[in-house]
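In the numbering used here, the protein residues as written are 113 to 353. For reference, the structure discussed in these notes is given below.
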Amino acid sequence: MKTNSTKLIPEERRRRILQLLEKEGSITVFDLSQILKVSFSTVRNDLNYLEREGLIKRTHGGAIAKERFNPLFQKEIAGHAKEKLEIAKYAVQFVENDDTIFIDAGSTTLAFTEELINSNKKCHIVTNSLYIINALSNSTEINLHVLGGEFIPSNMNFIDLEQNFEKYKFKKAFMGINGFNEEGFYVHELSEANFKKKIIKSAKVAYILADHSKYNKICANLVEKWKQNYILVTDDRKIEV
113 MKTNSTKLIP EERRRRILQL LEKEGSITVF DLSQILKVSF STVRNDLNYL
163 EREGLIKRTH GGAIAKERFN PLFQKEIAGH AKEKLEIAKY AVQFVENDDT
213 IFIDAGSTTL AFTEELINSN KKCHIVTNSL YIINALSNST EINLHVLGGE
263 FIPSNMNFID LEQNFEKYKF KKAFMGINGF NEEGFYVHEL SEANFKKKII
313 KSAKVAYILA DHSKYNKICA NLVEKWKQNY ILVTDDRKIE V
């Protein structure tokens with residue numbers, strides 16, 4: 113294993129631990145201490161934190177990977193699977209080789225990611241979703257960049273509203289939402305809404321991926337009202353916004 117001499121903040125360390133466990137399956141406190149350049153006690157604290165969040169399983173002297181796809185998300189994936197696949201296949205056509213794109217967390221964006229992998233297009237992807245990271249981990253065509261921040265266990269993603277997203281110069285952003293209508297698109301959590309606002313405003317074009325079941329579903333937080341460069345991709349062609 114290669115060592116990393118850069119000192120990481122706790123959130124970045126824990127994300128790195130999850131990435132290592134995804135790759136290796138198991139790891140020791142000693143190895144993590146060497147890789148992350150921190151003390152054994154710091155590693156143990158990080159592992160204990162990740163175990164409390166249900167992300168890993170502690171073992172004597174280390175940790176092993178734990179299945180990260182929670183039942184609620186599995187149910188989300190299973191719901192309207194045919195429609196999500198249709199949306200994913202259609203949305204992939206908007207990606208060109210060498211594009212720098214952002215892929216948001218969500219079951220429809222995960223389906224989109226899998227179709228993008230199958231397309232063998234070469235592009236640069238930025239994401240904050242562990243599900244998307246996992247899907248892209250073995251892709252040789254994708255240059256993957258991961259956004260860190262506060263880890264949100266319920267959504268299995270990272271959020272940091274202080275980041276400068278402008279530096280990525282996203283050509284396109286592919287976003288997941290909880291609901292939409294003729295006015296705009298919505299999510300449940302305020303932190304998610306604020307994060308998505310920043311991403312969308314950093315992209316030249318934002319593709320909003322949502323199946324018909326989310327139409328006229330208004331949630332607590334409006335992300336944005338529809339604009340010319342916000343494009344809805346849905347399975348029901350009769351829906352117009």
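The beta carbon of each residue, even a glycine, is placed where N, CA and C say it ideally should be.
For residue i versus residue j, is the C-beta spacing smaller than 7 Å?
{"i": "Val141", "j": "Gly166", "result": "no"}
{"i": "Ser251", "j": "Asn269", "result": "no"}
{"i": "Cys331", "j": "Asn267", "result": "no"}
{"i": "Leu344", "j": "Val335", "result": "no"}
{"i": "Glu226", "j": "Lys201", "result": "no"}
{"i": "Ile320", "j": "Phe214", "result": "no"}
{"i": "Asn276", "j": "Ala305", "result": "no"}
{"i": "Leu197", "j": "Ala223", "result": "yes"}
{"i": "Lys283", "j": "Glu253", "result": "no"}
{"i": "Gly261", "j": "Ile271", "result": "yes"}
{"i": "Arg126", "j": "Asp158", "result": "yes"}
{"i": "Asp323", "j": "Glu123", "result": "no"}
{"i": "Asn293", "j": "Asn341", "result": "no"}
{"i": "Glu295", "j": "Lys337", "result": "yes"}
{"i": "Val155", "j": "Leu162", "result": "no"}
Helix, strand or coil for residue i per DSSP?
{"i": "Val335", "result": "strand"}
{"i": "Lys233", "result": "coil"}
{"i": "Ser151", "result": "coil"}
{"i": "Arg349", "result": "coil"}
{"i": "Lys194", "result": "helix"}
{"i": "Glu223", "result": "Correcting the residue type first, residue 223 is Ala in the shown sequence and not Glu. It is helical."}
In this structure, what does DSSP give as the bridge partners for residue i?
{"i": "Ile343", "result": "Tyr319"}
{"i": "Tyr202", "result": "None; Tyr202 has no bridge partner."}
{"i": "Ile330", "result": "Its beta-bridge partners do not exist; DSSP assigns none."}
Apply the 10 Å Cβ neighbour rule to residue i and answer buried if 16 or more other Cβ atoms are within range, or exposed otherwise.
{"i": "Ala247", "result": "buried"}
{"i": "Arg349", "result": "exposed"}
{"i": "Leu302", "result": "exposed"}
{"i": "Thr221", "result": "buried"}
{"i": "Phe152", "result": "exposed"}
{"i": "Ile121", "result": "exposed"}
{"i": "Arg164", "result": "exposed"}
{"i": "Ala193", "result": "exposed"}
{"i": "Gly288", "result": "buried"}
{"i": "Leu273", "result": "exposed"}
{"i": "Lys279", "result": "exposed"}
{"i": "Gly137", "result": "exposed"}
{"i": "Ser249", "result": "exposed"}
{"i": "Asp216", "result": "buried"}
{"i": "Lys114", "result": "Low confidence applies here, because Lys114 scores a pLDDT of 41, under 50, leaving its location unreliable and the question unanswered by this model."}
Secondary structure, beta strand (DSSP E): runs of 3+ residues fully inside the region 235–323
235–239, 254–258, 262–264, 269–271, 284–288, 296–299, 317–321
What runs of the alpha helix (DSSP H), each 4 residues or longer, lie entirely inside the region 117–176?
122–136, 141–148, 152–164
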